[in-house]
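Enquirer:
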Amino acid sequence: MPDYLLLNGKKFFLDEIQHYSFRESIPLNGYEAKTLEFCKNWLQGVQEFPVQTSGSTGVPKLLELQRDRMEASAQRTLRIFDLKPEDRVLVCMNTDYIAGMMMLVRGLVGNLHMTIIEPIGNPLANVDPEANFDFIAMVPLQLQTILEQTPEKVTKLNQMKAILLGGAPVGAQLEKLVQVLEVPVYQSYGMTETISHIAVRRLNGDERTDYYTAPPEVRLGLDERGCLTIAAEVTGGETLVTNDLVHLLDEHTFRWIGRADNTINSGGVKVQLEKVEAALGEALTQLGMARRYFAAALPDETLGERLIAVLEGSPLTEVEEENLKGKLSETLTKYEIPKQLGYLPRLPETASGKLDRRGGMALL
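Set out below in structure tokens:
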């Protein structure tokens, strides 16, 4: 079984982590110290762990997660992706937040070889080029960066058992790019409160689907708004009510529509921002203008809320804007087409790597 992990290229043995006996002998930066502190607490049997929510959909808050529920979540991931002792995983998401933290738990619970790096746009850029991995979890932008900037890494990716994406929606450009991969690529559904993912959907290959599937031990339902409810061991058997509008096929399968708080009312017509964003991504890709974006609303005296889209990068020309709106009209109603476009040099992100819609609107 692995008796050490690699953190930013430094080797730390688990027994010294457990007793934190390397503090003076190996210089640590803040990220390394916090990551090792979590591993130490886990190895020492601590029963509760504080974790901050990302703040991408509301005010960030601190939650206390119980060890047995974290173990149950880790065991589910190990089972779903057939991860075995001594398999090799790359931990490249922020370990202060649930996605990165649970990669550490999976490694420790599953006796996996862990290579841990600080989060960067291209996670394969600074690791040993000879290193091979069986599993990696990333935000969509990280995988898109790998495929666009270092296409020679496709061979390395195809040697893995699976790639798991989370933390943000997968755009049309990335969904197109992953079709070249042989390795199964999955998008996850979950949140801090569910201790990482409770359902996944396949993005590529013959098993590609629009629906998320949860394992048998996770029970799904709907509330009166049409929002998903979840009951599982990670919720202590209690029913967690989410703010996610879904189409529920059965108690284990659903299609995600969007967040209830991302439904705006423009001139008396309800518009779902996620639907607009999906069409926007597809249109930009088809027009060869792929860039990051989000949809949002501004107060409007006449309409109540005015739908806008914010694009990353330099402004489009008038002709390009008209072409974009024309392409959007093929899949959206006139009420769902943004009334205006805004531009920012770079769209802000939360500390966990998610696109920060609220921060972007504040900058705009």
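Take the sequence shown: its letter number 251 is residue 251 in UniProt numbering, and every next letter is one higher.
Even glycine gets a Cβ: it sits at the ideal position worked out from N, Cα and C.
1. Report all residues from its chain with a CB closer than 6 Å to the CB of Leu-273; omit the five preceding and five following residues, and keep chain order.
2. At which residues does the alpha helix (DSSP H) containing Asn-323 begin and terminate?
3. For Gly-268, collect the residues of the same chain with a Cβ closer than 6 Å to its Cβ; drop the 5 residues on either side in sequence, then sort them by chain order.
4. On the three-state DSSP scale, how would you describe Val-310?
5. Just verifying my parser: in three-state terms, what is the DSSP assignment at Cys-92?
6. Evaluate Leu-228 with the Cβ neighbour count: other Cβ atoms within 10 Å of its Cβ, from every protein chain shown; 16 or more gives buried, anything less gives exposed.
7. Check this for me: beta carbons of Ile-146 and Asn-122, under 8 Å apart or not?
8. How is His-19 classed by DSSP in three states: helix, strand or coil?
9. Which value, in whole angstroms, describes the spacing of the CA atoms of Ser-329 and Arg-88?
10. Verify the CB distance criterion: does Pro-123 have a CB-CB separation below 8 Å to chain B?
11. Does Ala-295 come out as helix, strand or coil in the three-state DSSP assignment?
12. Tell me the DSSP bridge mates of Tyr-4?
13. Is Pro-335 helix, strand or coil by DSSP?
14. Quick one: measure Cβ to Cβ for Ala-232 and Ile-264, integer angstroms, because I've assumed they're closer than 8 Å.
15. Please state whether the Cβ-Cβ distance between Ala-74 and Gly-45 is less than 8 Å.
16. Run through the region 30-75 for me and flag every whole beta strand (DSSP E) of 3 or more residues, listed as ranges in chain order.
17. To which residues does DSSP link Leu-269 through a beta bridge?
18. Go ahead and label Ser-25 buried or exposed: buried means 16 or more other beta carbons lie within 10 angstroms of its beta carbon, across all protein chains shown.
19. Can you tell me which of the three DSSP states Val-246 falls into?
20. Taking DSSP's pairing of strands, which residues face Phe-254 in a bridge?
21. The alpha helix (DSSP H) that contains Asp-146, what's its start and end?
22. Apply the 10 Å Cβ neighbour rule to Gly-236 and answer buried if 16 or more other Cβ atoms are within range, or exposed otherwise.
23. Does the Cβ-Cβ distance between Met-160 and Asp-128 come in under 8 Å?
24. Between Glu-320 and the rest of its own chain, which residues show a CB-CB distance below 8 Å, the 5 nearest in sequence each way excluded?
25. Check whether the Cβ atoms of Val-310 and Tyr-293 lie closer than 8 Å to each other.
26. Among Gly-326, Leu-324, Lys-339, whose alpha-carbon lies nearest the alpha-carbon of Thr-302?
27. Tell me which same chain residues have a C-beta within less than 7 Å of the C-beta of Phe-12, skipping the five on either side of it?
28. Assess, as a yes-or-no matter, whether the region 235-255 is touched by the region 185-201 under the definition of 3 or more beta carbon pairs within less than 8 Å.
29. Cα separation between Ala-199 and Gly-205?
Expert: In this structure, then:
1. So the qualifying residues of the chain are Asn-262, Ala-295.
2. Counting along the chain, the alpha helix (DSSP H) containing Asn-323 begins and ends at 318-328.
3. Nothing meets the Cβ criterion.
4. strand
5. coil
6. buried
7. yes
8. Here His-19 sits in helix by DSSP.
9. 46 Å
10. The structure shown contains no chain B; it holds only a single protein chain.
11. strand
12. Phe-13
13. First, the amino acid is wrong: residue 335 is Tyr here, not Pro. Note: Tyr-335 maps to helix in three-state DSSP.
14. The pair is not a contact, with the Cβ atoms about 32 Å apart (cut-off 8 Å).
15. Annotated as distal: Ala-74 and Gly-45, with beta-carbon spacing of 8 Å or more.
16. 48-52, 62-66
17. With the sequence shown as reference, residue 269 is identified as Val, and Leu is not the correct amino acid for it. Per DSSP, Ser-266.
18. exposed
19. strand
20. Note: Phe-254 sits in a beta bridge opposite Tyr-212, Leu-248.
21. Sequence check: residue 146 is Ile here, not Asp. Taken as a continuous stretch (DSSP letters only), the alpha helix (DSSP H) holding Ile-146 covers 140-149.
22. The residue in question, Gly-236, is exposed, as its Cβ has fewer than 16 Cβ neighbours within 10 Å.
23. No, these two residues do not count as a Cβ contact at 8 Å.
24. In the same chain as Glu-320, and ignoring 5 residues on each side of it, the C-beta atoms closer than 8 Å to its own belong to Leu-287, Met-289, in chain order.
25. The Cβ-Cβ distance between Val-310 and Tyr-293 falls below 8 Å.
26. Lys-339
27. The answer, listed in chain order, is Tyr-4, Leu-5, Phe-22, Leu-36.
28. yes
29. 18 Å
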